[in-house]
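**Q** I'd like to ask some things about the structure below.
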Amino acid sequence: MKTFCGRANPTTGAMEWIEEDENYDYHQEIARSRYADMLHDKDRNTKYYQGIRAAVSRVKERGEKAIVLDIGTGTGLLAMMAAAAGADFCYAVEVFKPMANAAVKIVEKNGFRDKIKVINKHSTEVTIGPGGDMQCRANILVTELFDTELIGEGALPTYEHAHKYLVQEGCEAVPHRATVYVQLVESSRMWAWNKLFPVHVKAEDGEKIIVAPSEMENCPGVPSVCDIQLNQMPSSDFTVLSDVITMFSVDFSKPVRSASTYYRVQLEPVRSGKAQIVLSWWDIDMDPSGRINCTMAPYWAKSTSAFQWRDHWMQCVYFLPNEEPVLQGEVVYLTACRDEYSLWYKLQKPREEENKADVRVESPVCRCQAHLLWNRPRFGELNDQNRTHQYVRSLMKVLKADSVCLCISDGSLLPVLAHYLGAKQVLYLFFYLRFSFFFKANHLEDKIKIIEARPELLTSSHLEDKKISVLVGEPFFTTSLLPWHNLYFWYARTAVASHLTSNVTVLPQSASLHMMIVEFQDLWRIRSPCGICEGFDVQTMDDMIKNSLNYRESREAEPHPLWEYPCKSLSDPQEVLTFDFRKTVPQHCLSTEGSVNLLRKGTSHGAVLWMEYHLAAGISISTGLMQISNEKGNCEWNPHCKQAVYFFSSVIESETLPDLPSAVTYAIKFDTKTGEIAMDFKL
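Structure representation (structure tokens):
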């Protein structure tokens with residue numbers, strides 16, 4: 007059965023109705039899942055197996071039958087571990103139907119059909135007793151319901167329900183407990199992901215300062231966690247203000263409460279500074295003694311040198327509502343508040359701490375509008391002074407005293423820069439009318455006119471019958487996922503063509519798509535088949551992911567922030583397509599083919615693609631590669647943007663190439679009607 011899906015095309019801006027197979031959603035879910043990453047997580051799998059064996063042994067030593075409940079079974083891996091460890095019977099619960107079907111096949115293939123029952127339900131709907139899903143309550147509870155924040159996937163309400171209705175009192179639990187750790191730090195780099203710093207602009211009539219609205223200063227921001235690979239954050243980018251301390255623990259072998267609550271700890275800063283950020287991670291003890299431990303601790307807090315890369319569990323960055331000065335040795339109190347799914351933090355001095363009634367457990371809400379408009383990488387981008395300076399230099403080259411300037415970019419500082427740098431009139435095409443809060447903070451509400459209209463609906467009356475002499479964009483649009491989606495600027499420029507002067511200046515004047523072949527240190531694992539995991543055959547899962555990746559008979563590039571995922575270049579970067587914004591979008595497709603030579607030895611995992619924008623003569627901005635930092639080919643990437651990664655079939659199909667290829671051939675086609683880029687690579 008086919009179904010029509012409506013979507014706004016991120017590149018062309020057009021509303022489209024696309025005919026999709028009814029299974030499209032679940033293929034997307036499987037293709038972009040982290041199942042492969044979890045199956046490759048040797049540390050996680052080994053520790054779970056050890057913990058499950060120990061739990062089954064403890065139950066058997068008591069002379070009881072070992073009845074296991076595995077909630078969120080996925081591939082059935084943990085249930086099979088329990089069966090192999092001697093459990094008498096396992097109930098494996100999985101709500102996602104395609105996954106439950108795969109688990110049935112995997113369980114059968116591994117010979118556990120008589121020991122494991124897969125239940126395709128949410129655990130809260132599982133029934134117990136004669137004729138029910140489970141014959142009796144389980145005495146071993148096994149789960150892997152955790153995300154980077156520990157509780158974001160609903161672990162607490164799931165455990166709460168399981169203890170009430172599905173497991174025996176005093177049951178064994180694997181994991182037995184989870185512990186959340188925190189560390190207070192100062193970091194201008196991370197703080198720049200949450201607040202807008204003043205922007206200094208040197209104009210002809212003196213220095214101007216663009217300031218953030220005062221509401222932003224004390225705004226708690228949005229409650230969603232900022233989860234990143236903290237192991238890629240150099241120690242020079244933050245200053246540790248406290249030791250690592252335990253914030254709270256959850257014992258999963260006892261009844262769990264999911265109701266909102268808070269935890270408070272006393273901190274003694276080890277250094278004076280500005281407390282801005284709480285870094286956090288967790289570990290899980292698979293057994294009551296804590297001997298079998300799986301930790302997410304970053305490199306500077308690890309007691310062991312063994313490092314397990316994983317992408318399904320990372321570390322958390324929490325932003326305090328505002329910057330708090332702390333003094334070395336002078337006690338402060340850190341409070342963690344939580345609801346069922348998320349955590350947030352606040353810091354108090356002793357005199358404030360005395361007022362216990364002050365603790366409110368309501369989730370933080372953005373009051374300043376900015377955190378709803380700009381995500382964290384976007385804040386970082388707007389705070390990048392070098393980047394802003396390139397736009398200032400470019401605008402100074404193109405603006406004249408009589409310039410009528412139209413800006414097309416989402417939540418941009420460009421209209422303010424254009425005004426300060428001498429444009430006669432500045433118009434801003436943007437749907438988010440509340441952005442006026444930003445202009446008001448800088449006393450520019452009567453200087454910059456916001457036009458709330460789509461480019462194709464722009465009229466002469468919007469422009470007061472004036473023609474646009476300078477059209478500017480970063481370009482940046484919140485709907486963009488892949489680098490070339492920001493080519494929407496080109497389509498918007500085409501839509502407003504009748505309102506432009508014949509000698510209009512367009513900034514940027516053009517863009518180019520660049521490509522480079524790379525070897526990833528670890529990221530390849532998220533797309534690599536597993537085959538055998540801890541002695542169990544999970545190839546059914548590999549085939550399922552491969553089938554979903556190839557669902558449309560053409561794989562797509564996917565966005566990743568590569569500053570978090572080290573790789574080395576195997577080829578030189580290469581410009582493959584150019585887009586001339588001085589002209590309208592052509593009717594014909596833009597295509598190119600060729601080959602790129604591999605200069606270094608290594609495994610060609612895929613191609614990385616990014617855009618560069620040529621603002622004005624000699625001034626360009628890259629959204630991808632910043633530099634290849636050494637002869638080994640280690641890459642530095644723009645930290646504010648996601649780059650596009652196209653994994654080669656040799657990664658997805660785990661092919662072993664007979665010898666290292668010397669070149670990669672490519673064919674890349676930009677369809678100007680759909681705004682989509684199709685690509686093909688051959689090793």
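Going by my numbering, 382 is the number at position 376 of the sequence shown; the sequence numbering is gapless.
Heads up, the beta-carbon is just placed ideally off N, CA and C, and yes, glycines get one too.
Quick one: what's Arg344 bridged to in DSSP?
**A** DSSP output for Arg344 lists Thr267, Leu349 as bridge partner(s).
**Q** When the distance is taken between beta carbons, is Pro514 closer than 9 Å to Gly537?
**A** Cβ distance not < 9 Å, so Gly537 and Pro514 don't count as in contact.
**Q** Beta carbon of Glu150, beta carbon of Tyr55: below 9 Å?
**A** No; because the gap between Cβ atoms is not below 9 Å, this pair is not in contact.
**Q** Please name the residue in Phe687, Glu159, Leu340 whose C-alpha comes closest to that of Thr671.
**A** The shortest Cα separation from Thr671 among Phe687, Glu159, Leu340 belongs to Phe687.
**Q** Classify Met105 as helix, strand or coil using the three-state DSSP reduction.
**A** It is helical.
**Q** So, helix, strand or coil for His425, using DSSP?
**A** Helix, per DSSP.
**Q** Taking the C-alpha atoms as reference points, what is the distance between Glu559 and Ser656?
**A** Residue placement at Glu559 is flagged as unreliable, the pLDDT there being 44, under the threshold of 50; the coordinate-derived value follows with that caveat. So the two alpha carbons sit approximately 16 Å from each other.
**Q** Let me know the secondary structure DSSP gives Lys679 once reduced to three states.
**A** In the structure shown, Lys679 sits in coil (DSSP, three-state: anything other than H, G, I, E or B).
**Q** Tell me whether Val99 is buried or exposed, calling it buried when 16 or more other Cβ atoms sit within 10 Å of its Cβ.
**A** Flag for Val99 reads buried.
**Q** Tell me the residue span of the beta strand (DSSP E) that contains Asn509.
**A** Residues 506 to 513.
**Q** Quick check on Ala498: does DSSP put it in helix, strand or coil?
**A** Correct three-state label for Ala498: helix.
**Q** Using DSSP bridges, identify the partner residues of Gln649.
**A** Looking at the DSSP assignment, Gln649 forms a beta bridge with His566.
**Q** Using the beta-carbon count (16 or more within 10 Å), is His46 buried or exposed?
**A** When all chains shown are included, His46 counts as buried.
**Q** In terms of residue numbering, what span does the alpha helix (DSSP H) encompassing Arg399 cover?
**A** 391 to 404 is the span of the alpha helix (DSSP H), which, as asked, contains Arg399.
**Q** Between Asp289 and Trp319, what straight-line distance do the alpha-carbon atoms span, to the nearest angstrom?
**A** When rounded, the distance between both Cα atoms is 10 Å.
**Q** What did DSSP end up calling Ile157 once you bin it into helix, strand or coil?
**A** Ile157: coil per DSSP, three-state reduction.
**Q** Go through its chain and collect everything with a Cβ distance to Phe203's Cβ below 7 Å, but skip five positions before and after it.
**A** Result list for Phe203: Asn389, in chain order.
**Q** Whose C-alpha, out of Arg297, Gly296, Ser534, Met302, is nearest the C-alpha of Trp287?
**A** Here the closest residue by C-alpha is Met302.
**Q** Put Tyr171 into one of helix, strand or coil per three-state DSSP.
**A** Three-state DSSP puts Tyr171 in a helix.
**Q** Identify the continuous alpha helix (DSSP H) that holds Asn553 and give its terminal residues.
**A** Per DSSP, Asn553 belongs to the alpha helix (DSSP H) from 545 to 555.
**Q** Which residues mark the beginning and the end of the beta strand (DSSP E) in which Lys121 is found?
**A** Run containing Lys121: none; DSSP gives neither H nor E here.
**Q** So if DSSP puts Tyr305 in a beta bridge, which residue, or which two residues, is it bridged to?
**A** Per DSSP, none; premise fails for Tyr305.
**Q** Closer than 8 Å by C-beta to Leu326: which residues in its own chain qualify, once you throw out the five before and the five after it? Chain order, please.
**A** Around Leu326: Ala281, Gln282, Ile283, Val284, Tyr351, Lys352, Leu353.
**Q** Any contact between the segment 248 to 268 and the segment 160 to 170? By contact I mean 3 or more CB pairs, one from each, below 8 Å.
**A** Touching, yes, given that three or more Cβ pairs across the two stretches are closer than 8 Å.
**Q** With 16 other CB atoms within 10 Å as the buried threshold, where does Lys638 fall?
**A** Lys638 should be labelled exposed.
**Q** Can you give me the C-alpha to C-alpha distance between Glu329 and Phe244, rounded to a whole angstrom?
**A** C-alpha separation (whole angstroms): 14 Å.
**Q** Tell me whether the beta-carbon of His182 lies closer than 9 Å to the beta-carbon of Ser259.
**A** Their beta carbons are under 9 Å apart, which means His182 touches Ser259 by this criterion.
**Q** Output needed for Met521: all residues of its chain with C-beta closer than 6 Å, excluding positions within five of it in sequence on either side, in chain order.
**A** Gln580, Val582, Ala613, Leu615, listed in sequence order.
**Q** Which residue spans inside the segment 593 to 661 form an unbroken beta strand (DSSP E) run of at least 3?
**A** Runs of the beta strand (DSSP E) inside the segment 593 to 661: 596 to 603, 612 to 622, 625 to 628, 631 to 634, 641 to 643, 649 to 653.
**Q** So, helix, strand or coil for Val262, using DSSP?
**A** The answer is coil: DSSP assigns Val262 none of H, G, I, E or B.
**Q** Does Ile298 come out as helix, strand or coil in the three-state DSSP assignment?
**A** In the structure shown, Ile298 sits in coil (DSSP, three-state: anything other than H, G, I, E or B).
**Q** Take Thr52 and list the residues in its own chain whose beta-carbon comes closer than 6 Å to its own, dropping the five residues that flank it on each side.
**A** If we look at Thr52 and ignore the five residues flanking it on each side, it has no Cβ neighbours.
**Q** Mind reading off the beta-carbon distance from Ile134 to Tyr171? Whole number of angstroms is fine, and I expect it under 8 Å.
**A** About 7 Å; that satisfies the 8 Å criterion.
**Q** Alpha carbon to alpha carbon, what distance is there between Leu631 and Asn640?
**A** Their backbone Cα atoms lie some 11 Å apart in a straight line.
**Q** At the level of alpha carbons, what is the spacing between Phe654 and Glu642?
**A** Roughly 22 Å separates the two Cα atoms.
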